[in-house]
Amino acid sequence: MLGRIFNGAGKPLDGGGETVPEKQISIAGEAINPYSREFPSDFIQTGVSTIDVMNTLVRGQKLPIFSGSGFPHSELAVQIARNAKVKDGSDFAVVFGAMGVTFEEAMFFQEEFERTGAIEKATLFINTAADPVIERIAVPRMALSYAEYLAFEKDMHVLVILTDMTNYAEALREVSAARKEVPGRRGYPGYLYTDLSTLYERAGRIKSAKGSVTQIPILSMPEDDITHPVPDLT
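Take 108 as the starting number for the sequence shown in this note's numbering and just add one per residue.
Laid out in structure tokens, this is it:
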């Protein structure tokens, strides 16, 4: 699947053929058992000096990026995906999940990965704002499940970039409202924190494998409000 681009339902967007799975796994996944966790060590070079020098990204870590309206977080996400690498010669891959993006952003992601050759070490899952909401909820789970396969079965170091987690949370709110669940803060479901933790806690290293899953979730803060439920619970 490396070098391929898929939509939120796992269907190819790059004109290639359907994938033929060797086995099927649940995308729901599970948080890594604390006892089996290995302490994060070594770093991933992102090519962004502010991150590499001031806030080094360690393998197995999760490092959220908070963005505001009008800021170029999409360009930053692509820059990190394009330049990310490990120094010790280990196998490395990038899994990129985009949720609720515009058609313009979706084309930008595809074209930049293909133009720069970054697609060779990457797999993209792209959900646009016009796609079904339920696929928006599935994208980060598919991305993380594939990353776990590469990390814990193929011993690769995998960087998972997820953008925009605010769109993901809004999709969760839509589904919750459709199910007539009791809303929490600003209409988001009361289990938003629990749901986000099921994604973020899938980053890490385990004692029984040499690989690692590292996460960079990117989210835009509505009205630049850091107390908004999504950034507040991230």
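Yeah, the Cβ is synthetic: ideal placement off N, Cα and C, and Gly gets one too.
- When secondary structure is reduced to three states using DSSP, A245 falls in the helix class.
- L257 is not bridged by DSSP to any residue.
- For S283, there is no enclosing beta strand (DSSP E); the enclosing alpha helix (DSSP H) covers residues M272 to A285.
- Inside the stretch 115-178, DSSP marks whole beta strand (DSSP E) runs of 3 or more residues at positions 172-174, from first to last along the chain.
- The stretch 250-263 makes no contact with the stretch 279-294: fewer than 3 CB pairs, one atom from each, lie closer than 8 angstroms.
- Around the beta carbon of V208, 16 or more other beta carbons lie within 10 angstroms, which makes this residue buried.
- Going by DSSP, P336 is part of the alpha helix (DSSP H) stretching over P336 to D339.
- Three or more Cβ pairs closer than 8 angstroms define a contact, and the stretch 152-161 meets that threshold against the stretch 180-195.
- When the alpha-carbon of N140 is set against those of G110, V337 and S315, the nearest one is in S315.
- A direct Cα-to-Cα measurement between I244 and F146 gives close to 29 angstroms.
- Less than 7 angstroms separates the beta-carbon of T230 from that of V202.
- For A205, the enclosing beta strand (DSSP E) has its first and last residue at F199 to V208.
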